[in-house]
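What follows is one structure encoded as structure tokens, with my remarks underneath.
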Amino acid sequence: NILKVLTSYSKLDFKILAVPTTAGTGAEVTRFSVLYNNKDKASVSDWDIIPDYQIFDYTTLKSLPYEQKVATSLDAFCHSVEAYWSIDANDESRQYSKKALSLFNNNFVKYLENDEKTFEPMLECSMLAGKAINLARTTAPHAFSYKLHKLKGFYHGRAVAVSLAYIWKYMANSGDKLKSLMNETTEITGFDYAGFIDFLKDLGLLDDLTMTKAEFEETIHGVNTARLQNFPMKLTDEDIENIYSSFILVK
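So the sequence shown is numbered by the working numbering: it starts at 1362 and just counts up by one.
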């Protein structure tokens, strides 16, 4: 049914104008969209849904609530990192990631204080991160995030950032194979995995990481493994459970 909708949509003869109202998703420049089915979030992709025109009006960010500023900015951060990690990454996508992360690092703190000088660079950060995933796609952290969003009610950006933090830790402790990639990640983000976990903790985003046994079972079996195909290490079912167990307390 989704394929039929996208096929029909792509044949319609009209132009799309996108106006982002957050600095996070980068959807105004990507081939991706999301659909919900009984509270389950699914990502769809089609080159024909990339908007033809974009208007970047940074004044829309002034009234964005603090919690949304945090969550959407972290989504852009995660887009940049995941695209950099992706085995589909190329020189162009990695340049987008690096530039987006530089803008994030230089503006995030003041952005949370509603400093208007940061609005335009944060919109650019989001847009560049969107360009990065448009080429390289998101990977494991997004795949892991969906059940956190559904079952815990976390904002999407928070769910992805928490997932990314502990996947990053798992990658860093997996041996020397990913050592070079981990060093590059630290260089472009300004964090190692421990520093990023502390960063999220300081933002209050590591509270309430508990689940019932039934919720945990749904979570570990709810990862869309197709979304892991561009991840730089093969994750088994055991790996998936181990990663979730490293930050979720089952009660």
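Each residue gets a CB set at the ideal place from its N, CA and C atoms; glycine is no exception. Nothing here was measured: the structure is a model prediction, and the numbers come from that model.
Span of the beta strand (DSSP E), counted from its first residue to its last, around residue i
i, result
"Tyr1397", "Phe1393 to Asn1398"
9 Å Cβ cutoff met for residue i and residue j
i, j, result
"Phe1592", "Val1523", "no"
"Asp1418", "Val1380", "yes"
"Phe1505", "Ile1604", "yes"
"Glu1576", "Leu1489", "no"
"His1503", "Ser1404", "yes"
"Thr1386", "Gly1491", "yes"
"Lys1530", "Met1594", "no"
"Leu1564", "Leu1610", "no"
"Thr1479", "Leu1425", "no"
"Met1543", "Ala1533", "yes"
"Ile1549", "Ser1406", "no"
"Lys1430", "Leu1473", "yes"
"Arg1519", "Leu1589", "no"
"Lys1423", "His1510", "no"
Endpoints, alpha helix (DSSP H) assigned at residue i
i, result
"Asp1598", "Asp1598 to Ser1606"
Cβ separation of residue i and residue j, assumed to be a contact under 8 Å, to the nearest whole Å
i, j, result
"Ala1461", "Ala1497", "That belief does not hold up - the Cβ atoms of Ala1461 and Ala1497 are roughly 12 Å apart, past 8 Å."
"Ala1384", "Met1483", "4 Å"
"Ile1558", "Ala1526", "5 Å"
"Glu1443", "Lys1508", "With a Cβ gap of about 17 Å, Glu1443 and Lys1508 do not count as contacting."
"Lys1376", "Tyr1414", "7 Å"
"Trp1446", "Thr1500", "6 Å"
"Asn1467", "Gly1551", "About 10 Å; that fails the 8 Å criterion."
"Thr1573", "Lys1612", "6 Å"
Residue(s) in a DSSP beta bridge with residue i
i, result
"Tyr1414", "Leu1378"
"Val1611", "Met1572"
"Val1405", "Ser1394"
Short CB-CB distance (under 9 Å) between residue i and chain D
i, result
"Lys1376", "Annotation note: the requested chain D is absent from the structure, which comprises a single protein chain."
Any chance you could list the alpha helix (DSSP H) runs of at least 4 consecutive residues sitting entirely within the stretch 1500-1577, in chain order? 1501-1513, 1517-1533, 1540-1550 and 1554-1563
What are the uninterrupted segments assigned as alpha helix (DSSP H) that are 4 or more residues long and contained completely in the stretch 1422-1483, given in chain order? 1427-1446 and 1452-1473
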